[in-house]
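Numbering (this note's numbering), first residue to last: 8 to 357.
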């Protein structure tokens, strides 16, 4: 019976997750309230020095406490029409509140229902598409996440340890673990891992050489976020960790496609290059789109505040563009390296 309707049961999981998250307020120690009434009490237009206009709106809100002592509370919420740093409240919204000097104030929006539902939708889609391979993928994600958290803890706890060595070792471990889950623990895993590490090392070395020769002209390392010391080190660590997935993807596609073919050494190399050329463009395109999406909002803000296009690109997008280009070096280098490794393995086998 369950086997017959398991797909429908999976589809119901996101609905069950949403309902559970909507009624989980008793699990929180922070007061949670649900908005029951909203009235707009004031509205005024503001204009900055660059003629950017925004509207400031004040809401009077009544809400019902869902945990703690219960009861009805009143508070105000002020937000801008652009919603750049704030948000409006609507009837039915669940919010975190805090009590200061006898008055309740808005602390943050309660978003767990949406986030958990989206996560559950992703899991359900992965189960439907991957079937049994889902558990392998899930195990890989869990193990890699655990390793990452462990390494971050070690880095924070031991300031004397070189961060470059720690995260370089992390990249190698990530590669080995992921490759093992993709193809198993065998020689093909070593080929994929070796090509991935070699391509990443060469790409970072090439990027470092180019940036050093140009004196980092146009690349402002001081804009590395949340870093007050050694921004250059963290810049390259970001490149290594960020490029790893795309480089591993290329190496894995080539190796898995070419390895079983019973053909000559030269033909294996050519076939590997052909597979690499087929996946190269889409991967680099996705890499650039991720970069643009991450900087788009800040770039628009800079432009609306009167900054020139060139200045915006240099200060907002320059660092990410440099990282994306170096990552693209790794993707490109992975194609001949993996193809050559497959040809070498064929020669050894012969």
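Positions of the beta carbon are idealized from the N, C-alpha and C atoms, including for glycine. These numbers come from a predicted model, not from an experiment.
Quick check: what's the CA-CA separation for residue i versus residue j?
| i | j | result |
| --- | --- | --- |
| residue 161 | residue 151 | 15 Å |
| residue 147 | residue 186 | 10 Å |
| residue 176 | residue 183 | 11 Å |
| residue 354 | residue 260 | Note that residue 354 scores a pLDDT of 49, beneath 50, so its modelled location is shaky and nothing firm can be said. |
| residue 356 | residue 198 | Confidence at residue 356 is low in this model, with a pLDDT of 49, below 50, so the placement of that residue should be treated as unreliable; the coordinate-derived value is given next. About 14 Å. |
| residue 143 | residue 33 | 35 Å |
| residue 52 | residue 66 | 15 Å |
| residue 232 | residue 318 | 18 Å |
| residue 84 | residue 54 | 21 Å |
| residue 122 | residue 164 | 31 Å |
| residue 208 | residue 329 | 16 Å |
| residue 337 | residue 211 | 8 Å |
| residue 294 | residue 248 | 13 Å |
| residue 72 | residue 79 | 6 Å |
| residue 230 | residue 303 | 16 Å |
| residue 139 | residue 149 | 16 Å |
| residue 291 | residue 335 | 6 Å |
| residue 29 | residue 120 | 6 Å |
| residue 47 | residue 215 | 55 Å |
| residue 327 | residue 239 | 13 Å |
| residue 270 | residue 308 | 56 Å |
| residue 106 | residue 114 | 10 Å |
| residue 2 | residue 252 | No answer is possible for residue 2: the residues shown for the chain start at 8 and end at 357. |
| residue 141 | residue 15 | 18 Å |
| residue 126 | residue 287 | 29 Å |
| residue 116 | residue 94 | 9 Å |
| residue 178 | residue 60 | 46 Å |
| residue 27 | residue 323 | 40 Å |
| residue 188 | residue 137 | 14 Å |
| residue 241 | residue 12 | 50 Å |
| residue 347 | residue 306 | 41 Å |
CB-CB under 6 Å to residue i, same chain, minus the five flanking residues each way: which ones, in chain order?
| i | result |
| --- | --- |
| residue 124 | 21, 24 and 25 |
| residue 203 | 182, 254, 255 and 258 |
| residue 75 | 38 |
| residue 265 | 275, 278, 279 and 349 |
| residue 49 | 65 |
Could you check how far apart the C-beta atoms of residue i and residue j are, in whole angstroms? I think they sit under 8 Å.
| i | j | result |
| --- | --- | --- |
| residue 225 | residue 301 | Wrong, their Cβ atoms sit about 19 Å apart, outside the cutoff. |
| residue 88 | residue 64 | 7 Å |
| residue 254 | residue 206 | 5 Å |
| residue 180 | residue 154 | 6 Å |
| residue 110 | residue 104 | With a Cβ gap of about 10 Å, residue 110 and residue 104 do not count as contacting. |
| residue 131 | residue 18 | 7 Å |
Excluding sequence positions up to five away, which residues of its chain have a Cβ less than 8 Å from the Cβ of residue i?
| i | result |
| --- | --- |
| residue 237 | 170 |
| residue 173 | 158, 161 and 162 |
| residue 98 | 42, 43, 44 and 45 |
| residue 321 | 225 and 227 |
| residue 333 | 210, 211, 213, 214, 246 and 250 |
| residue 190 | 196, 199, 259, 262 and 263 |
| residue 134 | 17 and 141 |
| residue 31 | 119 |
Near residue i, which residues of its chain fall below 7 Å by C-beta distance, leaving aside the five closest residues on each side in sequence?
| i | result |
| --- | --- |
| residue 128 | 21 |
| residue 69 | 43, 44, 79 and 81 |
| residue 200 | 182, 183 and 186 |
| residue 195 | 262 and 266 |
| residue 268 | 275 and 278 |
Inset, instruction - Check whether the stretch 325-345 touches the stretch 279-287, taking contact to mean three or more Cβ pairs, one atom from each stretch, closer than 8 Å. - result: By the Cβ test, the stretch 325-345 is in contact with the stretch 279-287, since at least three Cβ pairs between them sit closer than 8 Å.
Inset, instruction - State whether the stretch 304-316 contacts the stretch 208-222, with contact taken as three or more CB pairs (one from each stretch) at a distance under 8 Å. - result: no
Legend entry - Any 3 or more C-beta pairs closer than 8 Å across the stretch 98-115 and the stretch 31-42: yes
Inset, instruction - Scan the stretch 68-126 and note each continuous beta strand (DSSP E) run of 3 residues or more that stays entirely inside, going in chain order. - result: 79-87, 101-107 and 110-116
Legend entry - Entirely enclosed beta strand (DSSP E) segments - the stretch 283-327, minimum 3 residues: none
Legend entry - Runs of alpha helix (DSSP H) wholly within the stretch 126-193 (minimum 4 residues, chain order): 140-164 and 170-190
Inset, instruction - Ignoring anything shorter than 4 residues or poking outside the stretch 194-257, list the alpha helix (DSSP H) runs there in chain order. - result: 194-220
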